[in-house]
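Numbering (the numbering used here), first residue to last: 53 to 1096.
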């Protein structure tokens, strides 16, 4: 990189970086400019007040320990991407109390500490008179906090911000500090934001304050105008409301007259109530005295009745005692009778049991005799049968013959079962094959259905004619083919587009006839009778389907042709004959992209009238006048109808195969039926032989069974004869036991009769006593009833006297209460009489409660008509009048204040003031406002840089930072911008400037006041303490001389 004149080279030295597992080194850096010291100022200093003299970083982003010493004018920080250029910018921003959001990277300050470290440090030395200002920020990861130092002494963030603000440093202003991630946001600033940022950057501190005050003045003026309008509206509303209150005041006084009358009625009403209650008290007092006299007389008549009741009660108790004694005797006698009756019933049961036992023995003997008779009969019958049974030795030859026949039958049945199993397996395989073939034919039919659906959707009349044709094929003499779009079957659907582009749409939906007569019959029916729009064609009488092409396909391969149209599809013979005759499908070749690329040669050499390439159709004609060959080409339309392909040969083969399978199935069914009949015949013969064998075996075993049965029955007969019962002896024993029991019964009956007589006598005596007791009880009840009636009457009189006493007391208390209430209503003391004015007013009012209540309700109803009125209406009316006067005075004050504001400031919209940047990059275009959308990224970068350069000489800020703004620029604009930056930033009067870039163009112009800071990294970098700039320069000069 050539550089005219001298160039300062800085050196940034750092410790180990975080790449390469601590093995790589990053070092770069800058030699300290002459005349700059640490923590002190030398005179004369080239640094502007507030410019950066030194930047130190420890454990910050990728740096372990790094110190940067920039120059007082333009500082070019150059280095590859990722070497740590922007880390220096981050250190400047955060070290000068900037927020992480100003940078646009991490949102927390703790994230700027090097990974693996608990804290980091940024130290910045600023030029200041008489002594440089050193600001240190210690960042802690744990709590994301920062510790501040000013000149190595602990300080606070607020103090640091005041020091930085005094030096006019604004790291949040994009006109002064433009980091890499915020370059695009400069163009997004609104015109107002751009003006404010420019004022802060280039103007004196009071300029932005004056602008804010002007905006505040204008805002205050608007507030006064709105307040004035609001007060005027309020005043008008208050006047209107007070006018309405005037009518309410008049209604209030009218309501008050009604309320006064109500008050007087309510005062008289208690006096009238008191008088009514006092009269009731006198009446109750007299009634109570009369009830007391009657009570005294009744008490005197009640005393003799109590003595009579006591005497009758004593007599009734004596009789009741005697009745209870007789009842006890009767109960005891009855219990003894019950015991005797139970004993008699027990004897009857014993007799019944003895007789039942005798009957059971008689029945057992009769049953034994019957069983003996039956057994003897069975023995006789079995003996006769045994005598007539054949000997078993004569049956064995017959059984052996039957067994031999059964073995032969089993062998024959096994053979038939094997044959039937083989036939069933063959039939199952045929059924499976039939299903497979049928499914495949159904697939072909479904494909045909797709074609028919397309036909129905596109040409409804043709579809209806097709349905009629299928139902009436017997009306035609020769073959009638369905529409070509159904009968033409592509061998490969990729080539369907050639056929559809070659054959007209009318012919694609046309029916094809072999006979002209058949076609006329068809058209007469569907066109004339059914009014359908259909097409029909007639195949030539002589077949053209086998016509040969003019040239073989092999000869055409050199031109890219691979087939003729006829070879691409299958069709019924009449259809193919018609297409060869009218469309010459046998002589129209189909080619590829190779054909299209050499189409001129193909047309001249092949002499075909129609040619198809991969996507085009060429028609060739020869002019009749000039004999020139004229060709035209059209693009091929996509296929619509012939994309569904059906392999006709395969379908015919499948149909033939299906017929053969059905024939084989019928043959297998016939063979199975024959074998089944043979099997049934063998089964019948087998059953007959088995029945014969069974009969022989039964006859053979029958003699042995009979002999065994006869022997068993003889043993049973002997046992039954030994078990005989002597009925005569049993009868005599039974009669003796019954006679003994009857003697015991007679004795019990005699005792029972004596007890019954005793019980009857006792019952008669008890009844006599009960009758006497009933008479005494009746007398007693009568006396008690009279006594209770007298007692009830006495209690009623006592209650009446008590109630009258309570009522008298209640009325007396009520009188006292009404008296107090009446006096309270009239505001009278207990010893004060009714005033004459009240008496006079009471005389004009009604004298009964009903009349008073009626008049009171009437007046209350009238008073209630005046709703919404109260005593405060008049007060509100007067108060509002005072408020109207007060608001009028305030309105006058607001008008005077607004007039004063309008005299002091002009009528400008200060809050809408702003700066518009208008740019154009071509001479033939108009100026356009700089926006984030209208210009390209490079154009926005150039515009931003030019604006910042324009502010450089006016800038009052001590330094400016621009990070990688040249990334989107083309080389021409980048060179021009670089020259402008060097020219502007290196002037004597300008402030410090930081320009960060990853690369520079060759042969740029450099100024003597520039400082170039190179940032390198790599595994072979020297330690900071080992770096020697002078030795490096000398070594480079020696290398240069050796190269020369």
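Beta carbons: idealized from backbone N, C-alpha and C, even for Gly.
Just how far apart, CA to CA, sit residue i and residue j?
i: residue 1061; j: residue 126; result: 7 Å
i: residue 321; j: residue 314; result: 11 Å
i: residue 429; j: residue 800; result: 56 Å
i: residue 298; j: residue 291; result: 11 Å
i: residue 530; j: residue 574; result: 12 Å
i: residue 458; j: residue 739; result: 9 Å
i: residue 642; j: residue 719; result: 51 Å
i: residue 195; j: residue 160; result: 10 Å
i: residue 89; j: residue 1045; result: In this prediction, residue 89 has a pLDDT of 39, which is less than 50 and means its spatial position is unreliable; nothing more can be read from the coordinates.
i: residue 1032; j: residue 280; result: 55 Å
i: residue 527; j: residue 520; result: 11 Å
i: residue 293; j: residue 892; result: 43 Å
i: residue 152; j: residue 142; result: 8 Å
Considering only residues of the same chain and omitting the five flanking positions on each side of residue i, which have a CB-CB separation below 8 Å?
i: residue 853; result: 340, 343, 344 and 347
i: residue 379; result: 818
i: residue 9; result: Because residue 9 is not part of the residues shown, which for the chain are 53 to 1096, the question remains open.
i: residue 336; result: 856, 859, 860 and 863
i: residue 650; result: 611 and 612
i: residue 208; result: 200
So, at 6 Å on beta carbons, what are the nonlocal neighbours of residue i in its own chain, with the 5 sequence-adjacent residues on each side left out?
i: residue 598; result: none
i: residue 71; result: Low per-residue confidence applies at residue 71: pLDDT is 34, beneath 50, and the placement is therefore not dependable, though the value from the model is reported in the following sentence. So no residue of the chain qualifies.
i: residue 685; result: 668 and 670
i: residue 324; result: 901
i: residue 769; result: 427
i: residue 571; result: 565, 588 and 590
i: residue 777; result: 413 and 417
i: residue 133; result: 1050
i: residue 911; result: 310, 313 and 314
Do you know whose CA, among the options, lies nearest residue i's CA?
i: residue 646; options: 660, 614, 626 and 629; result: 614
i: residue 485; options: 708, 1079 and 546; result: 708
i: residue 319; options: 907, 927, 1016 and 876; result: 876
i: residue 595; options: 649, 904, 626 and 460; result: 626
i: residue 604; options: 593, 503 and 660; result: 660
i: residue 569; options: 562, 583, 556 and 591; result: 591
i: residue 806; options: 1028, 461, 390 and 148; result: 390
i: residue 808; options: 1013, 365, 675 and 386; result: 386
i: residue 789; options: 696, 403, 894 and 733; result: 403
i: residue 938; options: 193, 356, 284 and 787; result: 284
i: residue 452; options: 559, 1086 and 742; result: 742
i: residue 1012; options: 276, 1036 and 1043; result: 1043
i: residue 608; options: 657, 106, 733 and 563; result: 657
Should residue i be labelled buried (16 or more other beta-carbon atoms within 10 Å of its own) or exposed?
i: residue 473; result: exposed
i: residue 92; result: The predicted model places residue 92 with a pLDDT of 44, which falls under 50 and marks its position as unreliable; any figure quoted below should be read in that light. Per the 10 Å Cβ criterion, exposed.
i: residue 764; result: exposed
i: residue 1049; result: buried
i: residue 168; result: exposed
i: residue 1094; result: exposed
i: residue 104; result: buried
i: residue 222; result: buried
Excluding the five sequence neighbours on either side, which residues of its own chain have a C-beta within less than 7 Å of the C-beta of residue i, listed in chain order?
i: residue 1040; result: none
i: residue 759; result: 438
i: residue 706; result: 489, 492 and 493
i: residue 773; result: 424
i: residue 1034; result: 126, 1057, 1058, 1059 and 1062
i: residue 927; result: none
Under the criterion of a Cβ to heavy atom distance below 7 Å, does residue i qualify as lining the ligand FMN?
i: residue 1057; result: Among the components modelled here there is no ligand, and therefore nothing to report on the ligand FMN.
Which ranges does the beta strand (DSSP E) cover as unbroken runs of at least 3 residues, wholly within the stretch 557-624, from first to last along the chain?
562-565 and 587-590
Just list the beta strand (DSSP E) runs in the stretch 698-740, keeping only unbroken ones of 3 residues or longer that don't cross its boundaries, in chain order.
none
Run through the stretch 639-704 for me and flag every whole alpha helix (DSSP H) of 4 or more residues, listed as ranges in chain order.
645-649 and 651-658
What runs of the beta strand (DSSP E), each 3 residues or longer, lie entirely inside the stretch 763-830?
none
Could you pull out every unbroken beta strand (DSSP E) segment of at least 3 residues lying fully inside the stretch 1004-1091, listed in chain order?
1011-1015, 1044-1049 and 1063-1070
Which runs of the beta strand (DSSP E) fall wholly inside the stretch 96-152 and span at least 3 residues, in chain order?
104-112, 115-120 and 126-131
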